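In the working numbering, the protein residues as written are 19 to 185.
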């Protein structure tokens with residue numbers, strides 16, 4: 019097995035990031051589309067002021083997530099064929115991380131909006147908190163806990179955050 023060059027590694031890192039962003043982009047676009055149509059539904063007029071505030075948080079955070087998750091494409095267009103793949107990978111990594119954070123806010127606030135609409139508020143808060151914990155468990159706690167699970171199965175240098183951030 020031959021070692022890849024640094025250029026090949028950056029190219030692979032970028033391809034891996036694009037694959038991840040495709041998954042996230044589909045999810046956030048579906049959520050954003052749902053949120054964009056919600057005010058035009060018949061039942062939206064029955065929402066409380068609190069629910070409308072939660073809706074705005076969810077809508078704006080979905081918009082922010084969409085912008086951040088799609089931004090590596092625009093960045094790539096601007097840097098195309100300039101030999102700046104490391105810079106592009108670092109930028110895309112940061113934008114993907116920010117996009118996921120905003121997606122978390124949007125998804126959890128969407129859960130709060132819907133559960134508060136159909137259930138009593140204390141139950142809605144409980145279910146929303148559990149949803150937030152569920153997302154944090156799989157998007158933050160387990161991935162960071164996994165970083166310390168033995169070093170004998172290391173197969174990629176790109177899992178090292180210093181490789182992506184240049185630190």
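Every residue gets a Cβ at the ideal spot worked out from N, C-alpha and C, and that includes glycine. As the structure is a computational prediction, the values presented were derived from the model and not from experiment.
Query                                                                                               : Result
Any alpha helix (DSSP H) of 4 or more consecutive residues that is wholly inside the segment 97–161 : 103–136, 139–154
Contact the segment 67–86 vs the segment 116–128: 3+ CB pairs below 8 Å                             : yes
Top-ranked residue by Cα proximity to residue 45, from 166, 159, 67, 81                             : 81
Member of 71, 165, 99 whose CA lies at the smallest distance from the CA of residue 135             : 71
Local conformation of residue 65 per DSSP, three classes                                            : coil
Continuous alpha helix (DSSP H) stretch holding residue 31: start and end                           : 24–55
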